[in-house]
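This report refers to the structure that appears directly beneath it.
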Amino acid sequence: MTRNKASTSDRISNLPTEIIENILLRLPLRDTVKACVLSKDWNGKWKTVPQIVFDESFCTQYPRSYNMRETLFNCMYQIVHIHKKPITKFALSIPRLESFCPVYLLLDRLHKDTLQDFTLWISKGVVLILFLYTCLQLRHLRLSHCHTTSPPTTFKGFKRLVTLELHEVNTEINIFESFISDSPLLEHLTLINCPNTENLDLDAPNLKYLYFEGPLNSIRFRNTPVLASVTIKATGDFMPKPGEFQPADMIEVFRCLPVIEDLFVGDNLLMSFAAGNIPDRLPATLEFLKTVVLSKICFGSLREVSCALCLIRSSPNLQKFKVELNYGATADENAAVEFLETLHFLDISLKKLREVEMLTFDDSKPVMAFAKLLLVKSPLLEKMYIQLKKNRSTKRFKILKEVIRFPRASSIAEIIC
101 MTRNKASTSD
111 RISNLPTEII
121 ENILLRLPLR
131 DTVKACVLSK
141 DWNGKWKTVP
151 QIVFDESFCT
161 QYPRSYNMRE
171 TLFNCMYQIV
181 HIHKKPITKF
191 ALSIPRLESF
201 CPVYLLLDRL
211 HKDTLQDFTL
221 WISKGVVLIL
231 FLYTCLQLRH
241 LRLSHCHTTS
251 PPTTFKGFKR
261 LVTLELHEVN
271 TEINIFESFI
281 SDSPLLEHLT
291 LINCPNTENL
301 DLDAPNLKYL
311 YFEGPLNSIR
321 FRNTPVLASV
331 TIKATGDFMP
341 KPGEFQPADM
351 IEVFRCLPVI
361 EDLFVGDNLL
371 MSFAAGNIPD
381 RLPATLEFLK
391 TVVLSKICFG
401 SLREVSCALC
411 LIRSSPNLQK
421 FKVELNYGAT
431 ADENAAVEFL
441 ETLHFLDISL
451 KKLREVEMLT
461 FDDSKPVMAF
471 AKLLLVKSPL
481 LEKMYIQLKK
491 NRSTKRFKIL
501 KEVIRFPRAS
511 SIAEIIC
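Residue numbers (the working numbering): 101 to 517.
As structure tokens, this is what we get:
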């Protein structure tokens, strides 16, 4: 009996080193340190875990005073200072932490030859990032509210970088372009409100995911053969005037997106498409496109409606279509209605479309004509979601009654208001 107790009393201490490390890697830093009291053999094990993450779980209360911030930084510095094993992942992601924090003292303690995952997410102030160009093993890089300087002449790019996320990062245009083109393995790119990215020129042969939010004048997909998910959003503060848009050639743009699966087009890019050449359908069919979201499309504009229909016609496997409607005075509203009603008689069929969502819906003629077109041309449609404009809530029953009476190609199509 005693021998059995002895053999099972300290199973935790007898775990293989690899399993202990995997357990600690999955815990927040505070819990990693606490877990080391479970066994005497675990004492100090947290010092050999190859990652340090300072996030909200580490700093549970915002340090409001200078003394609190100084204490927090001294604690972080001591942790980095006594860490024994080279760090492969480092993150400083504490909301509302001001840039007074001498981050460079922490960064100087990192092993640049082994660092693969780096996050610096500070919500206020500007931090000068100099050491990045020496971290040549980086695979994941996330920066917020930083300023990057020109790289040394010896820097030839991040050859192993897979993920790049920049949030309000101020960098010169040539530096940004080198971040992309000199990162041949880049798969995920996120850009949010970054200066000097108004004219996107993407040369990224392995890029699979693109999320862009901010001002945009032009976009060029120069070499993106495997890009599957694209989101282009404009923020209200940066919305250019219609005359400031550079026309975008839909044929050229989608020629460089042969395997696109998910597409979100904001009103800035939509207006660029509308200002350029709009074909009835694209020469190259978008075989893989399954989800299309069009933000703030104006159905009173014949050219914007034509852009939407070009995408729909060119996507035989489209399954989900979502639009957020935008309203403005347009001179060609009647032309848009006539165009949509004519299409009812053409040989167009959305054979795979199953779900439609229309936001800020109202009973204007172009909107109703477009909804009718989708219902008539979608034999497998299951649900059409309609969210009314706020000032149309009193007419809810009347609008819904009219839409329900529209003919449908699908016997199971359900209209949800």
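C-beta atoms are modelled at their ideal positions from N, C-alpha and C, and glycine is treated no differently.
Query, Result
"Distance between Gly314 and Pro252 (C-alpha atoms, nearest Å)", "29 Å"
"Cross-strand partners of Met458 (DSSP beta bridge)", "Val423, Ile486"
"Collapsed DSSP secondary structure at Glu265 in the structure displayed", "strand"
"Candidates Thr442, Phe388, Leu389, Leu220, of which the one nearest Leu402 by Cα", "Thr442"
"Reference Leu474, options Cys294, Leu440, Lys501, closest by Cα", "Leu440"
"Beta-bridge partners of Thr391, as assigned by DSSP", "Asp362, Lys420"
"Contact between the stretch 375–389 and the stretch 449–465 (3+ Cβ pairs under 8 Å)", "no"
"CA-to-CA distance, Asp282 to Pro358, given in whole angstroms", "23 Å"
"Own chain, CB closer than 6 Å to Ile292, minus 5 neighbours either side, in chain order", "His267, Glu313"
"Where Ser281 falls: helix, strand or coil (DSSP)", "helix"
"Boundaries (first-last residue) of the beta strand (DSSP E) holding Gly183", "At residue 183 the sequence reads His, which differs from the Gly that was named. It is not in any beta strand (DSSP E) - His183 carries neither H nor E in the DSSP assignment."
"Test item: CB-CB of Gly366 and Ala334 under 7 Å", "yes"
"Buried/exposed call for Met168, threshold 16 Cβ in 10 Å", "exposed"
"Of the residues Cys294, Pro284, His288, the one placed nearest Glu272, counting alpha carbons only", "Cys294"
"Own chain partners of Asp432 with C-beta closer than 6 Å, once the 5 adjacent residues on each side are dropped", "Leu402"
"Residue of Ala348, Arg505, Asp213 minimising C-alpha distance to Ile187", "Asp213"
"Separation of Thr331 from Thr391, as counted between CA atoms", "11 Å"
"Simplified DSSP assignment, three categories, for Val503", "helix"
"Euclidean distance between Cα positions of Glu361 and Ala348", "20 Å"
"Buried versus exposed call for Lys472 [16 or more other C-beta atoms within 10 Å across all chains shown]", "buried"
"Nonlocal neighbours in the same chain, by C-beta distance under 6 Å from Glu118, ignoring five residues either side", "none"
"Span separating the alpha-carbon of Ser395 from that of Ile516", "20 Å"
"Neighbourhood of Pro466 by C-beta, 8 Å cutoff - its chain only, sequence neighbours within 5 removed", "Phe399, Gly400, Val405, Glu433, Ala436, Val437, Leu440"
"Beta-carbon proximity list for Val326, same chain, < 8 Å, skipping 5 on both sides", "Pro305, Asn306, Leu307, Lys308, Val359"
"Tyr177 versus Leu206: straight-line alpha-carbon distance, rounded", "6 Å"
"Distance, Cys356 Cα to Leu425 Cα", "28 Å"
"Bridge partner(s) assigned by DSSP for Ala191", "Val153, Thr219"
"Residues near Asp337 in its chain [Cβ-Cβ closer than 7 Å; skip 5 each side]", "Confidence at Asp337 is low in this model, with a pLDDT of 45, below 50, so the placement of that residue is unreliable and no value is reported for it."
"Contiguous beta strand (DSSP E) assignments of at least 3 residues, all confined to the stretch 293–318", "299–303, 309–313"
"Distance between Phe421 and Phe218 (C-alpha atoms, nearest Å)", "36 Å"
"Euclidean distance between Cα positions of Ile182 and Cys175", "11 Å"
"Residue burial classification, Ile222 (beta-carbon count within 10 angstroms, cutoff 16)", "buried"
"Contacts around Phe354, its chain only, beta-carbon distance under 6 Å, and the 5 residues preceding and following it disregarded", "Leu382"
"Buried or exposed (CB count within 10 angstroms, at least 16 for buried), Gln216", "buried"
"First through last residue of the beta strand (DSSP E) which encompasses Ser329", "329–333"
"Distance between beta carbons of Val503 and Tyr485, contact taken as under 8 Å", "11 Å between Cβ atoms; not a contact."
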